[in-house]
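In the working numbering, the protein residues as written are 42 to 247.
Working notes for the structure below.
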């Protein structure tokens, strides 16, 4: 009997604790950065319609999703939203007002999914640096509408196996700039009012 209980205890010790992801609803005026910092991997943070003043940083593998009319606005200095964790999803947000040499969304985590966002009044729309296998799809991205120097819609730097598909890119220097990033798929994007549609440097793209 003692052997049976010992085996049962050992088995239970081996089984990891079950962790259930939470859905966290946020309204305008709440401390969004504190809520992001408190979230556990797998949690989904849903932003209600309203304006959320950044910048914000995501350091865990979460989903950040906006209802229609949810907008993240920067200060006009630096990035608006930065992702440093792996396996993050950012979806359905309006993102505006980066610094003059910065991105609306800056990505440094692997396998990050940027989907269905509207990004404008920024230098670069989405900038991915030294990250593996990002997916950037179905976003609408534009740079400044005035005469300021414009950046890139999607900028990949040393980020192999990226998928860039189905994005609408306008009012930019280059629609998609792929630099030192191999085995990237760039397909089905609509690009207008840009110097180059897709610009590559030391990269393999199809």
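Cβ coordinates follow ideal geometry from the N, Cα and C atoms, glycine included.
* Give the straight-line distance between the Cα atoms of residue 107 and residue 157, rounded to the nearest whole angstrom. => Counting from one through the chain shown, the residue named residue 107 turns up at place 66. Counting from one through the chain shown, the residue named residue 157 turns up at place 116. Rounded to whole angstroms, residue 107 to residue 157 spans 10 Å at the Cα level.
* To do: Mind checking who residue 142 pairs with in its DSSP beta bridge?
  => Counted from its first residue, the chain shown places residue 142 at position 101. DSSP, once it has assigned bridges, lists no residue as partnering residue 142.
* Give, in chain order, every unbroken run of the alpha helix (DSSP H) that is at least 4 residues long and sits entirely within the stretch 112-141. => none
* To do: Pull up the CB-CB distance for residue 122 and residue 95, whole angstroms please, since I reckon it's below 8 Å.
  => Position 81 of the chain shown, counting from 1, holds the residue named residue 122. Position 54 of the chain shown, counting from 1, holds the residue named residue 95. With a Cβ gap of about 6 Å, residue 122 and residue 95 count as contacting.
* Indicate the three-state DSSP secondary structure (helix, strand or coil) for residue 79 in the structure shown. => By 1-based counting over the chain shown, the position of residue 79 is 38. Residue state, collapsed to three classes: helix.
* With 16 as the cutoff for other CB atoms within 10 Å, does residue 58 come out buried or exposed? -> Your numbering for residue 58 matches position 17 in the chain shown. Reliability fails at residue 58, whose pLDDT of 48 lies under 50, so the model's placement of it is uncertain and no value is given.
* Between residue 173 and the rest of its own chain, which residues show a CB-CB distance below 8 Å, the 5 nearest in sequence each way excluded? -> Within the chain shown, the letter at position 132 stands for residue 173. If we look at residue 173 and ignore the five residues flanking it on each side, its Cβ neighbours are 151, 152, 200, 201 and 202.
* Among 192, 167 and 77, which has the Cα closest to the Cα of residue 101? -> Position 60 of the chain shown, counted from the start, is the residue given in the question as residue 101. Taking only the C-alpha atoms, the option nearest residue 101 is 77.
* Asked: To which residues of the same chain is residue 231 closer than 6 Å at the C-beta, ignoring the five residues directly before and after it?
  -> The residue labelled residue 231 in the question sits at position 190 within the chain shown. Excluding residues within five positions, the ones whose Cβ falls inside 6 Å are 209.
* Is it true that the CB of residue 168 sits closer than 8 Å to the CB of residue 147? -> On the chain shown, residue 147 is found 106 positions in, with the first residue counted as 1. On the chain shown, residue 168 is found 127 positions in, with the first residue counted as 1. The answer is yes: Cβ separation under 8 Å.
* Compute the Euclidean distance between the alpha carbons of residue 65 and residue 118, then round it to the nearest angstrom. => In the chain shown, counting from the first residue as 1, residue 65 sits at position 24. In the chain shown, counting from the first residue as 1, residue 118 sits at position 77. Spanning the two alpha carbons is a distance of roughly 28 Å.
* On the three-state DSSP scale, how would you describe residue 73? -> Here residue 73 is taken as the residue at index 32 of the chain shown, counted from 1. Helix at residue 73.
* Contacting residues, own chain, Cβ-Cβ under 6 Å from residue 135 (five flanking each side not counted) -> Translated into the one-based positions of the chain shown, residue 135 becomes position 94. Only 112 and 159 meet the Cβ criterion.
* Asked: Span of the beta strand (DSSP E) holding residue 224?
  -> Locating residue 224 in the chain shown gives position 183, counting from the first residue. First-last for residue 224: undefined, no H or E at that position.
* Continuous alpha helix (DSSP H) assignments of at least 4 residues falling wholly in the stretch 137-222 -> Listed in chain order, the alpha helix (DSSP H) runs fully inside the stretch 137-222 amount to none, counting runs of at least 4 residues.
* To do: Taking all protein chains shown into account, decide if residue 191 is buried (16 or more other Cβ within 10 angstroms of its Cβ) or exposed.
  => Taking the first residue of the chain shown as 1, we reach residue 191 at position 150. Classification of residue 191: buried, given that the 10 Å Cβ count is 16 or more.
* In whole angstroms, what is the alpha-carbon distance linking residue 99 and residue 216? -> Numbered from its first residue, the chain shown carries residue 99 at position 58. Numbered from its first residue, the chain shown carries residue 216 at position 175. Looking at the two C-alpha atoms, the distance is approximately 26 Å.
* **Contact under 8 Å by Cβ, residue 177 with residue 205** => As a first step, residue 177 must be located in the chain shown, where it is residue number 136. As a first step, residue 205 must be located in the chain shown, where it is residue number 164. Yes, these two residues count as a Cβ contact at 8 Å.
* To do: Take residue 207 as the anchor and find which of 195, 196 and 228 has the nearest alpha-carbon.
  => As a first step, residue 207 is located in the chain shown; it is residue number 166 there, counting from the start. If we check each option's Cα against that of residue 207, 228 comes out closest.
* Which two residues bound the contiguous beta strand (DSSP E) that contains residue 237? -> Locating residue 237 in the chain shown gives position 196, where the first residue counts as 1. Looking at the DSSP string, the run of the beta strand (DSSP E) that includes residue 237 is 231-242.
* Reducing DSSP to helix, strand and coil, say where residue 61 ends up. => Mapped onto the chain shown, residue 61 falls at position 20. Coil.
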